[in-house]
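Structure first, commentary second.
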Amino acid sequence: MSSLQLLWFFLIGLLFSVFFFLEGFDYGVGMALRLIAHNEQERGELMQSIGPHWDGNEVWLITAGGAMFASFPYWYASLFSGFYIILFLTLFALILRGVSFEFRAHALSPAGKKLWGWALSIGSLCAPFLLGMMFTDLVKGMPLDAGGNIRGGFGDYVNLFSIVGGVAVALLCLLHGLNFIRLKLTGELRQRAQALTKILYPVLFVGLVAFAGLLLWQTDFFSKRPLSSWLLLILIVLLSVVATYGAYRDKEGLSFIASGATLIGVVALLFNGLFPRVMVGNDPLHSILIANASSTEYTLGVMTIVAAILVPIVLAYTIWSYFVFNQRVDTKKVVSDK
Amino acid sequence: MLVLGVSMLSLARFQFAMTTIFHFFFVPFSIGMALLTAIMETIYVFKRDDDYKKMAKFWGKIFLLSFAVGVVTGIIQEFQFGMNWSDYSRFMGDIFGAPLAIEALLAFFLESVFIGMWMFTWDRFKPGIHALFIWLVTLGSSISALWILTANSFMQNPVAYRIANGRAEMASFSGLLKNPQLWVEFPHVIFGAFTTAAFALAGMSAWRLLKHENKTFYHKSLRVGLWVGLVAAILTVAVGDLQTQQVIKDQPMKFAATEGIYKDSGNPASWSVVQGFDTKNKKVTWSIEVPRMLSLLTYHKATGSVKGMDTINKELHAKYDGKYGSAINYYVPPKTLFWSFRIMAGSGMFFILIAVLGLWFSRAKKNTLQNQRWLLYVLGISLWLPFIANTCGWLITELGRFPWIVYGLYTIADAVSPSVTAGDLWFSNIMYFLIFTLLGGTMIYFAHRTLVAGPDALDGTGYADTTVDPLSKGAFSHE
Chain R
943 MSSLQLLWFF LIGLLFSVFF FLEGFDYGVG MALRLIAHNE QERGELMQSI GPHWDGNEVW
1003 LITAGGAMFA SFPYWYASLF SGFYIILFLT LFALILRGVS FEFRAHALSP AGKKLWGWAL
1063 SIGSLCAPFL LGMMFTDLVK GMPLDAGGNI RGGFGDYVNL FSIVGGVAVA LLCLLHGLNF
1123 IRLKLTGELR QRAQALTKIL YPVLFVGLVA FAGLLLWQTD FFSKRPLSSW LLLILIVLLS
1183 VVATYGAYRD KEGLSFIASG ATLIGVVALL FNGLFPRVMV GNDPLHSILI ANASSTEYTL
1243 GVMTIVAAIL VPIVLAYTIW SYFVFNQRVD TKKVVSDK
Chain F
1244 MLVLGVSMLS LARFQFAMTT IFHFFFVPFS IGMALLTAIM ETIYVFKRDD DYKKMAKFWG
1304 KIFLLSFAVG VVTGIIQEFQ FGMNWSDYSR FMGDIFGAPL AIEALLAFFL ESVFIGMWMF
1364 TWDRFKPGIH ALFIWLVTLG SSISALWILT ANSFMQNPVA YRIANGRAEM ASFSGLLKNP
1424 QLWVEFPHVI FGAFTTAAFA LAGMSAWRLL KHENKTFYHK SLRVGLWVGL VAAILTVAVG
1484 DLQTQQVIKD QPMKFAATEG IYKDSGNPAS WSVVQGFDTK NKKVTWSIEV PRMLSLLTYH
1544 KATGSVKGMD TINKELHAKY DGKYGSAINY YVPPKTLFWS FRIMAGSGMF FILIAVLGLW
1604 FSRAKKNTLQ NQRWLLYVLG ISLWLPFIAN TCGWLITELG RFPWIVYGLY TIADAVSPSV
1664 TAGDLWFSNI MYFLIFTLLG GTMIYFAHRT LVAGPDALDG TGYADTTVDP LSKGAFSHE
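Protein sequence lines, in the order shown, are assigned to chains R and F. Throughout, our numbering is defined as the position within the first sequence, counted from one, plus 942. Throughout, our numbering is defined as the position within the second sequence, counted from one, plus 1243.
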C-alpha cells in the first residue's frame, strides 16, 4: 500500500465524516418536522433554519462519491453496483427531500405544503437509515465473487445488524438535528427540541450498546484491531454523554459539536475496522484491498494536488456562509405560510 | 440475458437515456437562467432601474425551481456509473473519476453555497455584492459543464491515456484537458445552454405580452432574452460547425449517419435536406438535395466527396475485427441521427431568425411588437424548441458512438454491471419514470403559476430575511 493510497482512504473517510456532520443535522431537522412542529407555520420555521445550507451539505456526499470513483474505482464499482437497491432508494429519498424546499415554498394550499413537508421528512429519515444500513453491511462482509461483484440475497442486505446500524445512524442524525434546532431557533420549538433530546439520548445509549454488541459478534473489528476499535467505541459513548450533559445544562453549542463529533466517530470506527480493506468479503480471499482497488499513483497525485488547492477554498467560503446566517430564525418574521 | 424479451443491456441503456435526457432539460435551462438573472441584476446595479431588480427576482424564482430539479436528478448521474455500469467504472475510473470529483469540488460547492447566499440575502448586502453571488452561481454551473464534458470528450475521442492492467490509465492530466473534442463540445453545450434559457424566457414573456400584462416588464425581459439568445444562438451554430469538423475526423460513421449517406457521395457532394430510408436494405429511397452543399458543409469547399456508411463499416471491421471479432455491428441508427441533426441545426437557424425579427419589431425607436401577434405566438411556442434541440444533440452524440462507450476502446455491451439483475433495473426504471413525471409536472405547474401570478406577487415564496440577532436582548425570550 502506497502512502497516496493510504492518504486517499483517509480522505474518503474524511469526506464522509464532513458529510455526516453537516448533512446529518439537516436530515435531523427534516425528521423533526414530524416530531416537534405542531403546525405548518412551525414546519416552515424549521425548514428555514436549513434552507440556505442543505444543498451545500449534500455536495459533500457527491464529492465523497466522486472522490471514491477517482481514487478507488474498484471500490466505487463494487460498492455502488453491489448495493444497487439500497442506493437507488437513497437516491429516491434524496430526490424527494431535495425538491421539497422549493416545491413547498411554491405550494399555496395547506395540502400542498403538507405533502412536500412529508416528502422532506420521509426523505430525511430514509437517507441516513439506508446509508447506515449500507455501511453496516459493508463492514459485516458481503458475498463477493472473484471479480469483486456482490452476489447477495435479501438477507445479506437486510438483517438485524444492518437494521440496528441504520436506526442508529438515523437516530444520531435526528439528535444532531435537534441540537441544531436548539442552536438556531427561538421560542417553543427550541424548548421542545431540548425536551425531546432528553428523551432520546437514553434511547440512543441502548441503541449504541446493541450496535456495539452486534459489531463484536458480526465483525472482525475487535479481533483484528482491538485497541483502536475499543477506543473509538468509548469515544463515541463519551461524546454522547457530553451531548446529553449539554441537553440538561442548556449548552446547545456543546451538544451540537458533540453530536456531530459522534457521527464522525462512527465513520472513523467503521473505516478503522475496514482498513486495510475497502470491501469485506465473506470469503476473505475475495475482500478488496486498498492496495489493489485504487487508481494509478499518477491520478492519485493529480487528485492530491487538486484537493490541496480546492478543499481549503471550499471550506473557507462554506464557513463564511454559516457566519452570514449565524443568527437565529425568528418565529415572528417567518412569512412562508401566506 | 433476456427477461420479458428485453436484455439487461437495453434496460440499463434505457435508464441512462431517460435519466440523462430528463436531467438535461433542467441543466442548460438553469445555467442559462443563472446567466440571464445575473445580467438583469447587473443592469439593475448599474442603472438603478427597479424594473431590472424585479426581473432578477421574478425570473430567479423560475430559475430556482429548475435548479432544484436539476440538482436532484444530477446526483443520479454520478451514482449510476457505479450502479449500472460498474465494469465501465473499473475500466475508466482512473481517467473518468478525476473530472467528476473536480466538478464537485470546483463547481457544485460554488453554485450550491452561493445560491443559498443569493436567495436569502437580498436585504443584507449592497446590490453590487449581491449580484456577485449570482455571477458565482453562473460561474459554478458553467464550470461544472466544463468538467463533465471533459469526461464525455474522452469517451468521444480518447486522448492522453495508455491501456495497462486491463484498464485505461491517465497518461497526462493536461492532455485530458487539451482534448480538441472538449474545446468544441464545451462551447457548443454552454452556448446552447444560454440559448435554451434565453428563448425559454423570451417565449414566456411573449405569452404574457399576448395577454397584455405588465407590458413594460415583459417587454424588457423579452429584449434581454432575445439579445442573449441571438448572440448565443449564432455562437452555438458556429461552434457546432467546428464540432462537425471534429466528428468527421474522429467518428466518420456518426457523421455519415447524420447525413444519411450509405454509399460514398459523388464529387462534389450534394446534401439531402430530407430523405427516406430503407434501413433493412441500407438504401436511400428518395431525397431532396442541394447540389455541392455537403462538400461545403464538410470541407468548406465547393468540391470533395464524403465517405458513406458502407465504406466506413468495412474500414471499421478491418480495423477492429482482430480485437473484437467480426460480429459487431458498426452501423449507427441513421434515421434517428439524420432527423435529430436536422431538428437541432434547423432550430439553431430558426432561433437566429426569430431573435432578429423580435429585436427589430421591439426596437426602441418604433416598437410595434405588440401588434405582431403572429410573432408573439411564434416566440411563445418556440419556448419548447430548445429542449427538443438539446435532446437531439445528445442523441446524435451518444447514439452515434455506438457500439462504443469509449470510442475504439470499450464497447457498451462490456460496460454493464455484472451483479445487477433485470428485476433491479425494471424496478428502478419504473420508479424513475414515475418520479420524473411527478417532478416535471410539478415544476411546469409551479413555473406556469408563478408566471401567471406575475412579477408583483413577489414574496409569496417566503425567502424573506427572518433571522434575529442572537446577541440582542429578548432574542431568546420564550413566549
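By construction, the Cβ of each residue, glycine as well, lies at the ideal position given by its N, Cα and C atoms.
Span of the beta strand (DSSP E), counted from its first residue to its last, around residue i
i	result
residue 1312 of chain F	No beta strand (DSSP E) contains residue 1312 of chain F, which is instead part of the alpha helix (DSSP H) from 1293 to 1327.
residue 1404 of chain F	1404 to 1407
residue 1410 of chain F	1410 to 1413
residue 1506 of chain F	Element bounds for residue 1506 of chain F: n/a, residue is neither H nor E.
residue 1562 of chain F	Not the beta strand (DSSP E): residue 1562 of chain F falls in the alpha helix (DSSP H), residues 1552 to 1567.
residue 1136 of chain R	Taken as a continuous stretch (DSSP letters only), residue 1136 of chain R belongs to no beta strand (DSSP E), being part of the alpha helix (DSSP H) at 1129 to 1160.
residue 1421 of chain F	Looking at the DSSP string, residue 1421 of chain F is not in any beta strand (DSSP E), and its letter there is neither H nor E.
residue 1519 of chain F	1514 to 1521
For residue j and residue i, the rounded distance between their alpha carbons
i	j	result
residue 1567 of chain F	residue 1554 of chain F	19 Å
residue 1216 of chain R	residue 1265 of chain F	37 Å
residue 953 of chain R	residue 1348 of chain F	13 Å
residue 1213 of chain R	residue 1194 of chain R	29 Å
residue 1063 of chain R	residue 1032 of chain R	13 Å
residue 1280 of chain F	residue 1389 of chain F	21 Å
residue 1039 of chain R	residue 1066 of chain R	7 Å
residue 1268 of chain R	residue 1126 of chain R	8 Å
residue 1463 of chain F	residue 1044 of chain R	27 Å
residue 964 of chain R	residue 1218 of chain R	27 Å
residue 1331 of chain F	residue 1583 of chain F	27 Å
residue 1497 of chain F	residue 1391 of chain F	21 Å
residue 1273 of chain F	residue 1312 of chain F	10 Å
residue 1732 of chain F	residue 1357 of chain F	Nothing can be reported for residue 1732 of chain F: it is not among the residues displayed for chain F, which extend from 1244 to 1722.
residue 1069 of chain R	residue 1118 of chain R	15 Å
residue 1015 of chain R	residue 1236 of chain R	6 Å
residue 1103 of chain R	residue 1072 of chain R	13 Å
residue 1301 of chain F	residue 1289 of chain F	19 Å
residue 1211 of chain R	residue 1418 of chain F	40 Å
residue 1543 of chain F	residue 1022 of chain R	47 Å
residue 1169 of chain R	residue 1037 of chain R	40 Å
residue 1020 of chain R	residue 1175 of chain R	28 Å
residue 1285 of chain F	residue 1666 of chain F	52 Å
residue 1449 of chain F	residue 1461 of chain F	8 Å
residue 946 of chain R	residue 1243 of chain R	7 Å
residue 955 of chain R	residue 1002 of chain R	11 Å
residue 1171 of chain R	residue 1205 of chain R	15 Å
Limits of the unbroken alpha helix (DSSP H) element including residue i
i	result
residue 1079 of chain R	1052 to 1082
residue 998 of chain R	996 to 1013
residue 1486 of chain F	1458 to 1493
residue 1777 of chain F	No information on residue 1777 of chain F is available, as it lies outside the stretch 1244 to 1722 that chain F covers here.
Check: residue i C-beta below 7 Å from any heavy atom of the ligand NAP
i	result
residue 1477 of chain F	The ligand content of the structure shown is nil, which means the ligand NAP is not present either.
Nearest neighbour of residue i, chosen from the options [CA to CA]
i	options	result
residue 1362 of chain F	F/1337, F/1583, F/1303	F/1303
residue 1310 of chain F	R/1005, R/1018, R/1003, R/997	R/997
residue 1161 of chain R	R/1259, R/1182, R/1079, R/1254	R/1079
residue 1005 of chain R	R/1263, R/1266, R/1253	R/1253
residue 1535 of chain F	F/1396, F/1616, F/1495, F/1545	F/1545
residue 1132 of chain R	R/975, R/1157, R/1093	R/975
residue 1642 of chain F	F/1249, F/1297, F/1574	F/1574
residue 1325 of chain F	F/1649, F/1447, F/1336, F/1489	F/1336
residue 1634 of chain F	F/1278, F/1269, F/1564	F/1269
residue 1096 of chain R	R/1055, R/1060, R/1026, R/1143	R/1026
residue 1271 of chain F	F/1518, F/1251, F/1385	F/1385
residue 1342 of chain F	R/1130, R/1024, R/1012, R/1123	R/1012
CB contact below 8 Å: residue i versus chain B
i	result
residue 1121 of chain R	This model lacks chain B altogether, as its protein chains are R and F.
With 9 Å as the limit, tell me which residues of the segment 981 to 1002 of chain R have their beta carbon closer than that to any beta carbon of chain F; keep them in chain order. So the list reads 986, 987, 990, 993, 994, 995, 996, 997, 998, 999, 1000, 1001, 1002, given in the order they occur along the chain.
Check each residue of the segment 1318 to 1340 of chain F: if its Cβ is closer than 9 Å to any Cβ of chain R, include it; give the result in chain order. Flagged, chain order: 1318, 1319, 1321, 1322, 1323, 1324, 1325, 1326, 1327, 1328, 1329, 1330, 1331, 1332, 1333, 1334, 1335, 1336, 1337, 1338, 1339, 1340.
What are the complete alpha helix (DSSP H) segments, minimum 4 residues, inside the segment 1606 to 1685 of chain F? For the segment 1606 to 1685 of chain F, whole alpha helix (DSSP H) runs of length 4 or above, ordered along the chain, are 1616 to 1624, 1628 to 1642, 1655 to 1658.
Under 9 Å (Cβ pairs) to chain F, residues found in the segment 1064 to 1093 of chain R: Result list: 1087, 1089, 1090, 1091, 1092, 1093.
Given a limit of 9 Å on CB to CB distance, which residues of the segment 1347 to 1359 of chain F reach chain R? Residues 1347, 1348, 1349, 1351, 1352, 1353, 1354, 1355, 1356, 1357, 1358, 1359.
Quick one, which residues of the segment 1166 to 1199 of chain R are near chain F if we go by CB-CB under 9 Å, in chain order? Identification of residues in the segment 1166 to 1199 of chain R having a C-beta nearer than 9 Å to some C-beta of chain F yields an empty set.
Check distances from the C-beta atoms of the segment 1233 to 1249 of chain R to those of chain F and list, in chain order, the residues that come in under 8 Å. Of all residues in the segment 1233 to 1249 of chain R, 1237, 1238, 1240, 1241, 1244, 1245, 1248, 1249 have a Cβ within less than 8 Å of some Cβ in chain F.
Could you name the residues of the segment 1639 to 1665 of chain F whose beta carbon sits closer than 7 Å to any beta carbon of chain R, in the order they occur along the chain? Those would be 1660, 1661, 1662, 1663, in chain order.
Identify each residue in the segment 1015 to 1030 of chain R for which the Cβ-Cβ distance to at least one residue of chain F is less than 8 Å, and report them in chain order. For the segment 1015 to 1030 of chain R, which is checked against every Cβ of chain F, the residues closer than 8 Å are 1015, 1016, 1018, 1019, 1020, 1021, 1022, 1023, 1024, 1026, 1027, 1029, 1030.
Runs of beta strand (DSSP E) wholly within the segment 959 to 987 of chain R (minimum 3 residues, chain order): With a minimum length of 3 residues, no continuous beta strand (DSSP E) run stays inside the segment 959 to 987 of chain R.
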